[in-house]
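Those protein sequence lines, which keep their order, are chains U and C. Once you know that position 452 of the first sequence is 454 in the numbering used here, the rest is easy, because the numbers rise by one and skip nothing. Once you know that position 96 of the second sequence is 104 in the numbering used here, the rest is easy, because the numbers rise by one and skip nothing. The C-beta atom is built at its ideal place from N, Cα and C for all residues, glycine as well. Below is one structure, written out as structure tokens; comments come after it.
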Amino acid sequence: MTTIDEYLGTSAVANVKRAIQAAKDKPEYNALLALCEERALEQASKVDSGEIKGRLAGVPFVAKDNFLTFGAPTTAASHILKDFNAPLQATAIEKLEAEGAICIGKANLDAFAHGGSTENSVFGPTLNAVDKDRVAGGSSGGSAVATALGIVPFATGTDTGGSIRQPASFNGVYGVKPTYGTVSRFGVVAMASSTDTIGCFATSASDAQLVMDVMAGRDARDMTSLPDFFEIADVKSGQKIGIIKEFMTDDVDAGVKQSVIQYVDRLKSAGHTVEEVSLPILKYALAMYYVIVPAEISSNLARYDGVRYGKRADAGTLSDLYGKSRNDGFVSENKRRIMIGSYVLSSGYFDAYYMQAQKARTLLINAFNELFNTYDVLLGPVSPTPAFKLGENTSDPIKMYLADMMTVAPSLTGMPAISVPARATDEGLPVGVQLIGQRRHDAQLLALAKSVEGAA
Amino acid sequence: MTTTISRDEVMHLATLSNLQLSDDEIASLQNDLGGILNYINQLSELDTSGVEPTYQVTDLENVGREDIVMQPKADRDALLSLAPKQKDEQIEVPKVL
Chain U
3 MTTIDEYLGT SAVANVKRAI QAAKDKPEYN ALLALCEERA LEQASKVDSG EIKGRLAGVP
63 FVAKDNFLTF GAPTTAASHI LKDFNAPLQA TAIEKLEAEG AICIGKANLD AFAHGGSTEN
123 SVFGPTLNAV DKDRVAGGSS GGSAVATALG IVPFATGTDT GGSIRQPASF NGVYGVKPTY
183 GTVSRFGVVA MASSTDTIGC FATSASDAQL VMDVMAGRDA RDMTSLPDFF EIADVKSGQK
243 IGIIKEFMTD DVDAGVKQSV IQYVDRLKSA GHTVEEVSLP ILKYALAMYY VIVPAEISSN
303 LARYDGVRYG KRADAGTLSD LYGKSRNDGF VSENKRRIMI GSYVLSSGYF DAYYMQAQKA
363 RTLLINAFNE LFNTYDVLLG PVSPTPAFKL GENTSDPIKM YLADMMTVAP SLTGMPAISV
423 PARATDEGLP VGVQLIGQRR HDAQLLALAK SVEGAA
Chain C
9 MTTTISRDEV MHLATLSNLQ LSDDEIASLQ NDLGGILNYI NQLSELDTSG VEPTYQVTDL
69 ENVGREDIVM QPKADRDALL SLAPKQKDEQ IEVPKVL
């Protein structure tokens with residue numbers, strides 16, 4: 003793995019060439035869908051000539067392929083956007099470029115970010131960085147693996163219900179899902195607008211802090227973006243930390259639990275207090291998520307109809323054109339979620355499902371807020387298991403959804419949650435610990451992680 | 009309570025969703041959707057009487073901006089060139105009826 007420091011103050015062109023070579027040396031992982039070689043070298047020349055300066059001058063990165071970028075198509079790993087060349091760039095990408103960072107390629111994902119393993123990509127799955135028989139996690143699997151393999155020191159991702167945290171956990175890197183609204187969503191392929199967040203993968207807490215600080219801030223093109231609050235913070239001493247009981251049951255892999263407990267010991271050694279806390283309503287978080295998010299997906303994905311952009315199917319009438327283009331353009335998981343969304347929003351079912359889930363969401367937020375009256379941080383695993391085997395969960399959608407059970411709650415509440423690499427299991431598989439904070443406490447979470455980084 | 013979903017309901021949802029599904033897809037979605045609905049049915053156990061729904065989590069309200077034209081990020085030609093079929097500087101589609 004590499005860090006941002008290694009690329010600062012050196013030739014940007016050399017940095018880009020090094021990253022592109024590293025990507026080309028490891029094609030078997032299928033982490034990247036395209037390289038932006040030509041544009042990356044152009045940008046690098048601008049950095050080397052002094053035309054672009056900044057805190058990330060000459061640092062290569064990869065963007066999840068649901069960020070609109072120049073230099074390569076933006077596919078969302080879907081059929082319908084396979085050849086889509088974006089006419090503009092995402093705000094997050096523009097902010098990174100303005101500080102001198104250089105996008106060298108586009109990273110694989112589950113099609114439209116629907117999935118937890120990157121197996122829903124139409125370009126095939128990404129392989130886990132530590133064990134090639136296992137999944138990368140998802141949906142931002144390519145970004146996590148490119149970072150874990152040392153191709154780049156950081157990568158962008160999106161997290162709607164765990165899509166940054168879970169692959170970060172599966173590959174042993176940091177993953178940041180910020181407070182909802184921290185980074186503009188403009189120019190990023192929408193999934194579920196009320197929980198979509200933009201974050202990053204990095205190999206240290208400091209690097210993650212820096213990248214988030216660069217991307218954060220209000221954008222007139224995303225009315226839900228927050229005025230910039232992200233600042234690099236010092237760790238508060240003597241924090242009160244709650245370990246969530248419902249995330250440490252017998253259903254959770256023993257190796258995962260051991261790693262979490264070892265991390266808790268580190269926090270205690272550093273002078274923090276850790277106590278068990280209970281959030282009984284967490285039992286319902288996944289059900290809330292799989293009502294609210296498909297509802298928003300069914301609405302957001304209505305725009306893909308083969309008319310204005312994307313792949314169009316041959317059809318004699320307009321309604322056939324819509325129906326065929328959409329059926330050819332989406333993968334099975336996209337269709338499942340669109341159909342569930344249509345169901346829960348239908349008259350007759352709306353109150354029982356969608357409205358009930360939004361009310362339950364209020365109860366979930368209240369339960370978290372109550373704990374945050376007493377505790378600075380809540381903690382648990384990111385995922386109930388380490389990376390699972392390729393193909394293990396593909397035949398049963400519910401089983402795949404259960405892998406999200408620990409990550410969806412902070413998404414629904416809009417709270418920041420980060421995945422911090424903890425000790426690997428006895429089999430050598432990476433495990434991530436999830437630190438959850440109050441809204442706008444992102445920097446404090448990273449500062450806490452940084453303060454115990456590398457401690458035994 | 010076990011929820012099952014009929015083939016007709018799946019076809020109705022497909023119409024609402026603008027998806028022309030194959031017969032095989034209808035059958036497998038009938039099975040998958042039934043399973044997912046049974047999972048999300050557990051929400052009915054929660055007492056939410058008197059609870060307000062949460063639609064967004066920003067705490068922002070009535071966000072405004074200056075009433076000036078924001079320059080588009082992409083020009084007309086670039087946007088038009090994305091359309092699979094164009095004619096006379098417009099996007100062409102087959103007949104509606």
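Query: Could you work out which residues of chain C lie near leucine 228 of chain U, taking near to mean beta carbons separated by less than 9 Å?; Result: Thr66, Asp67, Leu68
Query: Sort out for me which residues DSSP pairs serine 421 of chain U with in a bridge.; Result: U:Gly177, U:Gln436
Query: Which word fits serine 238 of chain U, buried or exposed, when buried means at least 16 other C-beta atoms lie within 10 angstroms of its C-beta?; Result: Per the sequence shown, residue 238 of chain U should be read as lysine rather than serine. Answer is exposed; the Cβ neighbour count stays below 16.
Query: The alpha helix (DSSP H) spanning isoleucine 263 of chain U covers which residue range?; Result: 256-271
Query: Excluding five sequence neighbours on each side, which residues of the same chain lie with their C-beta closer than 6 Å to the C-beta of isoleucine 420 of chain U?; Result: Val178, Leu437, Leu447
Query: Which two residues bound the contiguous alpha helix (DSSP H) that contains glutamate 277 of chain U?; Result: Note, glutamate 277 of chain U: premise wrong, no alpha helix (DSSP H); beta strand (DSSP E) at 275-279.
Query: Which ranges does the alpha helix (DSSP H) cover as unbroken runs of at least 4 residues, wholly within the region 56-140 of chain U, from first to last along the chain?; Result: 93-100
Query: With a threshold of 7 Å on Cβ separation, who are the neighbours of glutamate 100 of chain C within its own chain once the five nearest residues in sequence on each side are excluded?; Result: Lys93, Gln94
Query: Mind pulling the chain U residues with CB within less than 7 Å of threonine 117 of chain C?; Result: Residue 117 of chain C lies beyond the range of chain C shown here (9 to 105); nothing can be said about it.
Query: Do we get a CB-CB distance below 7 Å when we pair histidine 395 of chain U with the residues of chain C?; Result: The residue asked about is misnamed: residue 395 of chain U is asparagine in this sequence, not histidine. Output row for asparagine 395 of chain U: interface = no.
Query: Comparing the C-beta of serine 13 of chain U with each C-beta of chain C, is any distance below 7 Å?; Result: no
Query: At a Cβ threshold of 7 Å, is threonine 56 of chain C touching chain U?; Result: yes
Query: Apart from the five residues just before and just after isoleucine 82 of chain U, which ones in its own chain have a Cβ nearer than 8 Å to its Cβ?; Result: Tyr306, Gly308, Gly312, Lys313, Ser327, Arg328, Asp330, Gly331, Phe332
Query: Any idea if lysine 66 of chain U is buried or exposed, counting beta-carbon neighbours within 10 angstroms, 16 or more meaning buried?; Result: buried
Query: Quick one: residues in its chain with C-beta nearer than 7 Å to the C-beta of leucine 431 of chain U, no 5 flanking neighbours on either side, listed in chain order?; Result: Val132, Asp133, Pro388, Ala389
Query: Given that arginine 73 of chain C touches chain U, what residues does it touch there, using C-beta distances under 7 Å?; Result: Ala222
Query: Alpha carbons only, please: which of U:Thr160, U:Ala405, U:Thr409, U:Arg338 is nearest the one belonging to valine 2 of chain C?; Result: Outside the modelled stretch of chain C, which goes from 9 to 105, sits residue 2 of chain C, for which no answer is possible.
Query: Do you know whose CA, among U:Pro89, U:Asp224, U:Asp85, lies nearest aspartate 83 of chain C's CA?; Result: U:Pro89
Query: Can valine 185 of chain U and phenylalanine 203 of chain U be called in contact, C-beta distance under 7 Å?; Result: no
Query: Please give the ranges of any alpha helix (DSSP H) in the region 48-101 of chain C, keeping only runs that are unbroken, at least 4 residues long and fully inside the region.; Result: 84-88
Query: Counting only Cβ-Cβ distances shorter than 8 Å, please list the residues of the region 292-318 of chain U near chain C, keeping chain order.; Result: Tyr292, Val293, Ser300, Ala304, Asp307, Gly308, Val309, Arg310, Tyr311, Gly312, Lys313, Arg314, Ala317, Gly318
Query: Measuring straight from C-alpha to C-alpha, what distance separates glutamate 53 of chain U and serine 145 of chain U?; Result: 28 Å
Query: Return no unless some Cβ of chain C is closer than 7 Å to the Cβ of lysine 337 of chain U.; Result: yes
Query: Cβ-heavy atom distance between lysine 337 of chain U and the ligand NAD below 6 Å?; Result: With respect to small molecules bound, the structure shown includes none, and the ligand NAD cannot be examined in it.
Query: So, using beta-carbon positions, are glycine 183 of chain U and threonine 226 of chain U closer together than 7 Å?; Result: yes
Query: Using a Cβ-Cβ cut-off of less than 7 Å, list which residues of the region 183-198 of chain U approach chain C; keep chain order.; Result: Gly183, Ser196
Query: By the 10 Å Cβ neighbour count, where 16 or more other Cβ atoms means buried, how is isoleucine 234 of chain U classified, buried or exposed?; Result: exposed
Query: Which residue spans inside the region 189-265 of chain U form an unbroken beta strand (DSSP E) run of at least 3?; Result: 199-204, 242-246
Query: Note down, in chain order, every chain U residue with its Cβ under 7 Å from the Cβ of isoleucine 48 of chain C.; Result: Ala289, Tyr292, Val293, Tyr355
Query: Which bits of chain U does methionine 78 of chain C rub up against, with CB to CB less than 7 Å?; Result: Ala222
Query: Please report the distance separating the alpha-carbon of serine 271 of chain U from that of glutamate 96 of chain U.; Result: 41 Å
Query: So what's valine 454 of chain U in DSSP terms, helix, strand or just coil?; Result: coil
Query: What ranges does the alpha helix (DSSP H) occupy inside the region 321-365 of chain U, keeping only unbroken runs of at least 4 residues that lie completely in it?; Result: 334-347
Query: If asparagine 336 of chain U and alanine 113 of chain U are in contact, beta carbons under 8 Å, what's the gap, nearest whole angstrom?; Result: 6 Å
Query: With DSSP as the reference, label aspartate 7 of chain U as helix, strand or coil.; Result: helix
Query: Beta-carbon within less than 7 Å of histidine 443 of chain U's beta-carbon, same chain only, minus the 5 sequence neighbours each way: which residues are those?; Result: Pro418
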